[in-house]
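Peer 1: In this text, residue positions in the sequence shown follow our numbering: the first is 23, and each later residue adds one.
Even glycine gets a Cβ: it sits at the ideal position worked out from N, Cα and C.
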Amino acid sequence: MQHFGRLTLKHWKMVVAPLVGALAACGGGESPDGAAVTGQQLAAAPAAGQQAGATPGTLYVDCSSGSNGNGNGSGNVKASPATLGTPAHPVDDLATLNRIVLTPGTHVRFKRGTTCYGSFSPAAGSTGAAGAPIVVDAYGDPKAPRPVIAAGCTDAATDPDQSLTEQHKTASGFSGYYSLCKSDNPTVNRAAIYLYNTQYWDIRSLELTNDATTPGGRLGLYVRLEDYGTGSHYHVDDVYVHHVRGYLQDVAGNTVGSYKTTGGMLFEVTRDNEVVGTKEKPTGFDDIAVENSEIYNVDAVALSTRSAWMCRVGGAPCGDYPPYKGNPAYLTNPATQAASEYLPMTRVVLRNNLIHNVGGDGIIVRTATAPVVEANHLYDIWMRAPGNSAGAWAINTDDALFRYNEVNGVRLQNNIEAGDGMAFDADLGTRNTRVTANFSHDNDGGLMLFCGCGSDGLGHVAQETGAIVDNNLSLNDKRRIISAAGSADSVVRDNVVITRTPGLVTPIVENLSYANAFQVTGNRFYNASDSGAIFRTKNPQGSYANIVWSGNAYFGYAADPEFAGPNYRHGAEPDTVQPFAGQNVDAAAGAWFAASGFDRNRYRAPRVH
């Protein structure tokens, strides 16, 4: 039997029922099964003894005020239905909060300095509206720490300055996940906040964890739509996600479809319930904004979007997602119309976020039109996953813009995938990606990957095409600058590339495989070793024939015979080749910082709300 404070659920409904009728005109009412009550049904109506500040539309949550705040559904035993959620009688556990149907304009405010254990998973039917989003925020002493929702271990060490976790980080190569758990949670919660088939949400000023001693299907924030249509307005501001123990690879026994659906924040459209012979409603996101947030020590992906409505000719592999995954006959059946099932997300903005100590990828934008990824700082990426990863990248996406980002410390595990470990990547099925005015430095892989290196699942190459990589600064990136694994009609222009580490050759292009067609024009390449290389061929089937070099300035590359070789295809403008000696690379870098706009627009630590 469920309990709600000292009242059984049966008695609770007897008490609440009269209030339901009284508030019906305000949109109140029980859920069909009677288990959930409407958002401000509990605290919207002023009641005797209600303290000032408990305005209609606000629910206060203080998980330190109940028996233990561990999400066991104890409820606030001193509160009447009309006063529960007021400052005097706050909701004191997540189980109670999750039974309340939140209505447009509701503010859910968690008390600073407290921790709620479990998952905030709003009741079905909880949704905001245009102009009246549901707002999840903090209240209390502004000097107190953010309120925490801890979905994982039930007891954990604290690490407010990250020093404890950082002590266990290796300086290079593989660096294992560090857990703060003292007592594990036997239940694997999918996310600290899990929003399903809902829209119009503002989430800010919270701390989310989902820690554990073993990997599992975990996230900090998970927003999921299925068979829903278009969901709008998901704004995340000043949220700190850390210590999320997700998966690092796809293995038997995983409870989620892909290890890349675990980690920090994920906005995902699924078709998990669609079966052969049926068709769910085309579904997608509009207006995602993640800003001023931090994601730290998570596995496997820090921040990403994903959609099962992603099939198109030349796009990413359709067979990666249900209902097509593992069902090739369904994928190729003309009646399914798979080739036209592309519904990209719109108005996606990922701005001014700090992302570091990540097992796999930093930022992935999938299946979107014109997303903006700007002013983020990503470092210590690809620390653990035994699968290829990069800093910030797009796949199956059109017109993505990456600008004013700083990416450094992306690691490279040559024994797994020597072609990755890059700051940026225009991947399978991307069209017209723009990577501009970014600062890439000290990455084990390099600056940029072009990857048209697979199939769309419909019998065509998933080609990368039309990317522009311009006006970036690459400083001491290591294995190569450009990783070429399939590109068409792309341009690398007006970049400044400085390799000042003695003895570091760092070829400009490493050709991995597939056909590559792009222009390299107007760039300045500096190599302090005076033995800089133009090419490195990793796979002999890769082709340089359609890479055109024009108007570039090379300092420290004079010894490379490739300038006169058959692989170097000269363009319309002559190149210049000079020794490195006498070059002021500090001045060159400083001029780039001043002229590119990077200094004015780079990541800034946000004001704490």
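Beta carbon of residue 543, beta carbon of residue 502: below 8 Å?
Peer 2: Contact: no.
Peer 1: Run through DSSP, which three-state label would residue 602 get?
Peer 2: Residue state, collapsed to three classes: coil.
Peer 1: Is the separation between the beta-carbon of residue 547 and that of residue 519 shorter than 8 Å?
Peer 2: Yes, the Cβ-Cβ distance between residue 547 and residue 519 is below 8 Å.
Peer 1: Starting from the C-beta of residue 413, find all residues in its chain whose C-beta is less than 6 Å away, skip the five residues before and the five after it, and write them out in chain order.
Peer 2: 384, 400, 403, 429, 432, 445.
Peer 1: Can you give the Cα-Cα distance for residue 171 and residue 286, rounded to whole angstroms?
Peer 2: The alpha-carbon atoms of residue 171 and residue 286 are separated by roughly 13 Å.
Peer 1: For residue 279 and residue 339, which I take to be in contact (beta-carbon distance under 8 Å), what is that distance rounded to the nearest angstrom?
Peer 2: Not a contact, Cβ separation roughly 14 Å.
Peer 1: Helix, strand or coil for residue 281, going by three-state DSSP, please let me know.
Peer 2: It is helical.
Peer 1: Please report how far the alpha carbon of residue 555 lies from the alpha carbon of residue 452, in whole angstroms.
Peer 2: Going by the C-alpha atoms only, they are around 28 Å apart.
Peer 1: Can you find the residues in the same chain that come closer than 8 Å, C-beta to C-beta, to residue 539, ignoring five residues on each side of it along the sequence?
Peer 2: Same-chain partners within the cutoff: 509, 510, 511, 512, 568, 569.
Peer 1: For my contact list, residue 240 and residue 283 are in at a C-beta cut-off of 8 Å; report their separation, rounded to the angstrom.
Peer 2: Actually they do not touch by this definition, with Cβ atoms about 10 Å apart.
Peer 1: Taking the straight line between their C-alpha atoms, what separation do you get for residue 409 and residue 434?
Peer 2: Rounded to the nearest angstrom, the two C-alpha atoms are 10 Å apart.
Peer 1: Quick check on the DSSP output: what are the complete alpha helix (DSSP H) runs of length 4 or more inside the segment 160-194, in order along the chain?
Peer 2: Listed in chain order, they are 185-188.
Peer 1: Do residue 233 and residue 190 have their beta-carbon atoms positioned less than 8 Å apart in this structure?
Peer 2: No, Cβ-Cβ distance for residue 190 and residue 233 is not below 8 Å.
Peer 1: How do the segment 370-388 and the segment 580-600 stand: do at least 3 beta-carbon pairs fall below 8 Å, yes or no?
Peer 2: Segments in contact, no.
Peer 1: From 456, 276, 222, pick the residue whose C-alpha is nearest to that of residue 129; which is it?
Peer 2: Comparing Cα positions, the closest option is 222.
Peer 1: I'd like to check one pair, residue 211 with residue 175: are the Cβ atoms closer than 8 Å?
Peer 2: Cβ atoms of residue 175 and residue 211: not closer than 8 Å.
Peer 1: Buried or exposed: residue 622, going by 16 or more other Cβ atoms within 10 Å of its Cβ?
Peer 2: Exposed, because fewer than 16 other Cβ atoms sit within 10 Å of the Cβ of residue 622.
Peer 1: Ends of the alpha helix (DSSP H) at residue 261?
Peer 2: Counting along the chain, residue 261 falls outside any alpha helix (DSSP H), and DSSP gives it neither H nor E.
Peer 1: Within a Cβ cutoff of 6 Å, which residues of the same chain sit near residue 253, ignoring the five residues on either side of it in sequence?
Peer 2: Closer than 6 Å at Cβ, skipping near neighbours: 221, 247, 307.
Peer 1: Thinking C-alpha only, which one of 449, 296, 149 is nearest residue 419?
Peer 2: Checking every option, the nearest Cα to that of residue 419 belongs to 449.
Peer 1: Which residue from 127, 159, 566 puts its Cα closest to that of residue 535?
Peer 2: The shortest Cα separation from residue 535 among 127, 159, 566 belongs to 566.
Peer 1: Using alpha carbons as the reference points, say which of 115, 117, 83 lies closest to residue 107.
Peer 2: If we check each option's Cα against that of residue 107, 83 comes out closest.
Peer 1: As a quick exercise: from 456, 493, 164, 472, pick the residue whose alpha carbon is nearest that of residue 484.
Peer 2: It is 472 whose Cα lies nearest to the Cα of residue 484.
Peer 1: Quick one, are the C-beta atoms of residue 249 and residue 305 less than 8 Å apart?
Peer 2: Yes, these two residues count as a Cβ contact at 8 Å.
Peer 1: Taking its Cβ as the centre, do 16 or more other Cβ atoms sit within 10 Å of residue 255, making it buried, or is it exposed?
Peer 2: With 16 or more Cβ atoms within 10 Å of its Cβ, residue 255 is classed as buried.
Peer 1: Using 8 Å as the threshold, is the segment 191-198 in touch with the segment 223-230, meaning 3 or more CB pairs across them?
Peer 2: Result no; under three Cβ-Cβ pairs closer than 8 Å.
Peer 1: Mind reading off the beta-carbon distance from residue 126 to residue 162? Whole number of angstroms is fine, and I expect it under 8 Å.
Peer 2: The pair is not a contact, with the Cβ atoms about 25 Å apart (cut-off 8 Å).
Peer 1: Looking at residue 344 and the ligand ATP, is the gap between the Cβ and the nearest heavy atom below 7 Å?
Peer 2: This structure simply doesn't include the ligand ATP, nor any ligand for that matter.
Peer 1: With residue 506 as the anchor, note down where its beta strand (DSSP E) starts and where it stops.
Peer 2: Per DSSP, residue 506 belongs to the beta strand (DSSP E) from 504-507.
Peer 1: When you compare only the Cα positions, how much space is there between residue 559 and residue 499?
Peer 2: Taking the straight line from one Cα to the other gives about 18 Å.
Peer 1: In the structure shown, what three-state DSSP assignment does residue 340 receive?
Peer 2: Reduced to three states, the DSSP call for residue 340 is helix.
Peer 1: Inspect the beta-carbon positions of residue 134 and residue 169 and report whether they are closer than 8 Å.
Peer 2: Against a cut-off of 8 Å, the Cβ pair of residue 169 and residue 134 comes out as a contact.
Peer 1: Excluding five sequence neighbours on each side, which residues of the same chain lie with their C-beta closer than 6 Å to the C-beta of residue 316?
Peer 2: So the qualifying residues of the chain are 262, 376.
Peer 1: Please report the straight-line C-alpha distance between residue 197 and residue 406, rounded to a whole angstrom.
Peer 2: Going from the Cα of residue 197 to the Cα of residue 406 covers about 6 Å.
Peer 1: Can you tell me which residues form a DSSP beta bridge with residue 275?
Peer 2: None, per the DSSP bridge assignment.
Peer 1: Is residue 272 closer than 8 Å to residue 314 when the C-beta atoms are compared?
Peer 2: Cβ distance not < 8 Å, so residue 314 and residue 272 don't count as in contact.
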